[in-house]
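Some notes on the structure that comes next.
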Amino acid sequence: MDTEDVSWVADEFGFASLGDERRTDRLVKLATSLAESPTASFPEALKSQAELTATYRFFDNDQIDAENILASHTGASLDRLGSVPVVLSVQDTTEFNFTSHKALEDAGPLTHANCQGFFAHTTLAITPERVPLGVLSQLVWAREKDPPNKRATRKNRPIEEKESNKWLLSLQATIDIQAHCNGTQFISVGDREADIYDLFLVDRPQNVDLLVRAAQNRNVESEDGTVESLLEQVAQAKAATTVELQVPKRQQQPARQATLTLRYCKVTLCPPQYRAKEKLSPVEIWVVWAVEENPKKGVEPIAWLLLTTCPINSVKAALQTLDWYACRWGIEILHKVLKSGCKIEARQLETADRIKRCLSVYSVIAWRILYATMLVRCVPDAPCTALLDPDEWQALYCAIHEVPTPPDEVPSLYQAVRWIAQLGGFIDRKNNGQPGVTVLWRGFQHLTDLTKMYRIFNPRSPS
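Numbering (the numbering used here), first residue to last: 134 to 596.
Here it is, written out as structure tokens:
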């Protein structure tokens, strides 16, 4: 393998099983070039016409499966996953709009029917401290145009024929990965779209749990054997504590501080009435309800109703559940990086299969950008070699300090990431807080160029 390959790229992509070692070598080379300039177009990112042609051929190769590209990264993530006690396996769906690509084949309608493109359902592993450990799975599909009677037949179709089956498939991917990380507890986290009865019926191993935001006021069994609504039963639970929450500014509503009342209890969910013939089992589950009971006039109250298979036997456990659910924003940021940072919707690839292969590569690149952003917030005093190769931090130090020779002492992760952010336009002031994803992906592009020059003028530097 080329010694000029960025080492993290080789670690994440170098074990892809693509049927031929030369394809894997090509994957590492093209991923290296694309990672160096994630916002650039292919002609801008690739060094020659030969590389550009080889890249298009790679994405056009029907013998290369997008899942196998991602599987190399997922395999590389196992050590990271197995090194922590709890992993939040966060799922979310996004759409990629290719309406302007008139030559694109196989696209389908998006949320707005006059738009064309693809949906992607991604599962990202995140620690409770918000550090992303890897992309666990990704489903990509085009939605077919709805037949006239689709809504009328929805309840009669099996889950396997519904788009909502994505939640079960992603949960199964998490279960498969957990089998390689016996000491780690995995919590599969989903938003209100994941409130599907079939999800709670999946046979899970002991170390895989669910955390879902409720979308339905389901029927539950009461103590006297009758049926009442979920909200009625949880409202009867004793208020456990209150939580102060700083609510950011929203459309036509100023920033404010909200007081949430926290309740939790165990309930038994009744199967959906329209599925009575299936004789489904009831489901015992824990509920955490955080609600703003006395909002100011004209303000929409905050209410989180969470369903989890994790036992909630204390206020601490209930608060932990709220915090775990708040980690969902990490997957939303990953999708933002794919769109804004990696410019997926601008890629001219013309077919769905090419886009799937391309998305697999860029999903790992986007993960790496997010990983750098969050790792420094978790372990700021760690040596920067946790993220950077020696020649990268040395080139960075020399550029920032305008000196020809770096020190022997390795800088901290906190220092190095702020220097990278400075390359991306971040102004390092005390009141500016932590650098965000945008300045870091710009900074990493500049760092790539600096490292190349450093290698030229310091040929003995490690690579």
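Just so you know, even glycine gets a beta-carbon here, dropped at the ideal spot from N, CA and C.
Note that this is a predicted model, so its numbers are computed, not measured.
Residues that residue i bridges to, as DSSP identifies them
{"i": "proline 516", "result": "Ser545"}
{"i": "isoleucine 477", "result": "Partner(s): none; isoleucine 477 has no beta bridge."}
{"i": "proline 265", "result": "Ile259"}
{"i": "leucine 272", "result": "His254"}
{"i": "arginine 156", "result": "Per DSSP, none; premise fails for arginine 156."}
{"i": "threonine 226", "result": "His254"}
{"i": "valine 421", "result": "Tyr397, Leu439"}
{"i": "arginine 346", "result": "Leu439"}
{"i": "leucine 221", "result": "Ile259, Ile320"}
{"i": "glutamate 354", "result": "Val360"}
{"i": "glutamine 339", "result": "Paired residue(s): none; glutamine 339 is not in a bridge."}
{"i": "valine 378", "result": "Here the sequence assigns leucine to residue 378, which means valine is not the residue at that position. In the DSSP output, where bridge partners are listed per residue, leucine 378 has Ala391."}
{"i": "valine 416", "result": "Leu402"}
{"i": "arginine 241", "result": "Before going further, note that residue 241 is glycine rather than arginine in the sequence given. Looking at the DSSP assignment, glycine 241 forms a beta bridge with Gly250."}
Residue range of the alpha helix (DSSP H) that includes residue i
{"i": "serine 205", "result": "199 to 215"}
{"i": "serine 496", "result": "485 to 511"}
{"i": "asparagine 298", "result": "298 to 311"}
{"i": "threonine 172", "result": "Where threonine 172 is concerned, there is no enclosing alpha helix (DSSP H), given that its DSSP letter is neither H nor E."}
{"i": "threonine 584", "result": "570 to 590"}
{"i": "proline 523", "result": "523 to 534"}
{"i": "glutamate 184", "result": "182 to 193"}
{"i": "tyrosine 407", "result": "Unbroken run through tyrosine 407: none, as it is neither H nor E."}
{"i": "glutamine 453", "result": "448 to 459"}
{"i": "histidine 468", "result": "462 to 469"}
{"i": "leucine 332", "result": "330 to 334"}
Distance CB(residue i)-CB(residue j) smaller than 9 Å
{"i": "threonine 442", "j": "alanine 423", "result": "no"}
{"i": "threonine 188", "j": "glycine 474", "result": "no"}
{"i": "leucine 598", "j": "valine 416", "result": "With the chain running from 134 to 596 in the structure shown, residue 598 is simply not present."}
{"i": "alanine 532", "j": "leucine 573", "result": "no"}
{"i": "alanine 436", "j": "tyrosine 397", "result": "no"}
{"i": "aspartate 522", "j": "serine 170", "result": "no"}
{"i": "proline 265", "j": "leucine 580", "result": "no"}
{"i": "isoleucine 259", "j": "isoleucine 502", "result": "no"}
{"i": "valine 353", "j": "leucine 413", "result": "no"}
When the options are compared against residue i, the one with the closest alpha-carbon
{"i": "serine 210", "options": "Ala532, Val335, Gln311, Lys472", "result": "Gln311"}
{"i": "cysteine 517", "options": "Trp500, Val536, Glu542", "result": "Glu542"}
{"i": "valine 142", "options": "Ser362, Val367, Val494, Cys314", "result": "Val494"}
{"i": "threonine 538", "options": "Glu525, Asp336, Ser545", "result": "Glu525"}
{"i": "cysteine 491", "options": "Asp158, Leu167, Ile560", "result": "Leu167"}
{"i": "isoleucine 202", "options": "Asp158, Thr227, Ala240", "result": "Asp158"}
{"i": "threonine 374", "options": "Ala450, Glu361, Ser362", "result": "Ala450"}
{"i": "glutamate 200", "options": "Val268, Arg263, Ala499", "result": "Val268"}
{"i": "glycine 316", "options": "Gln349, Pro218, Leu332, Val400", "result": "Pro218"}
{"i": "lysine 585", "options": "Ala554, Gln527, Arg213", "result": "Gln527"}
{"i": "arginine 575", "options": "Phe559, Arg510, Phe590", "result": "Phe559"}
{"i": "isoleucine 329", "options": "Trp300, Asp336, Asn247, Ser496", "result": "Trp300"}
{"i": "proline 338", "options": "Asp331, Pro428, Cys314", "result": "Cys314"}
{"i": "arginine 190", "options": "Asn298, Leu163, Leu529, Trp500", "result": "Leu163"}
{"i": "alanine 368", "options": "Ile498, Thr392, Asn298, Glu426", "result": "Glu426"}
{"i": "leucine 243", "options": "Thr256, Thr255, Thr226", "result": "Thr226"}
{"i": "alanine 388", "options": "Cys511, Lys429, Phe251, Ile418", "result": "Lys429"}
{"i": "glutamate 433", "options": "Ser447, Trp500, Gln385", "result": "Gln385"}
Start and end residues, beta strand (DSSP E) containing residue i
{"i": "alanine 373", "result": "Neither: alanine 373 is in no beta strand (DSSP E) and is coded neither H nor E."}
{"i": "leucine 151", "result": "Element bounds for leucine 151: n/a, residue is neither H nor E."}
{"i": "glutamine 318", "result": "318 to 323"}
{"i": "glutamate 361", "result": "360 to 362"}
{"i": "alanine 391", "result": "389 to 402"}
Interface flag, residue i vs chain D, CB-CB below 9 Å
{"i": "alanine 348", "result": "No chain D appears in this structure, which consists of one protein chain only."}
Contact between the stretch 143 to 157 and the stretch 198 to 210 (3+ Cβ pairs under 8 Å): yes
Stretch pair the stretch 318 to 330 + the stretch 221 to 235: three plus CB contacts closer than 8 Å: yes
Given 8 Å, three or more beta-carbon pairs between the stretch 567 to 582 and the stretch 498 to 512: yes
Three CB pairs or more closer than 8 Å across the stretch 482 to 494 and the stretch 268 to 278: yes
Meets three-Cβ-pair contact criterion under 8 Å: the stretch 295 to 310 and the stretch 545 to 552: no
Inter-stretch contact at 8 Å, needing at least 3 Cβ pairs: the stretch 453 to 465 / the stretch 338 to 346: yes
Sufficient close CB pairs (3 or more, under 8 Å) joining the stretch 226 to 245 to the stretch 181 to 195: no
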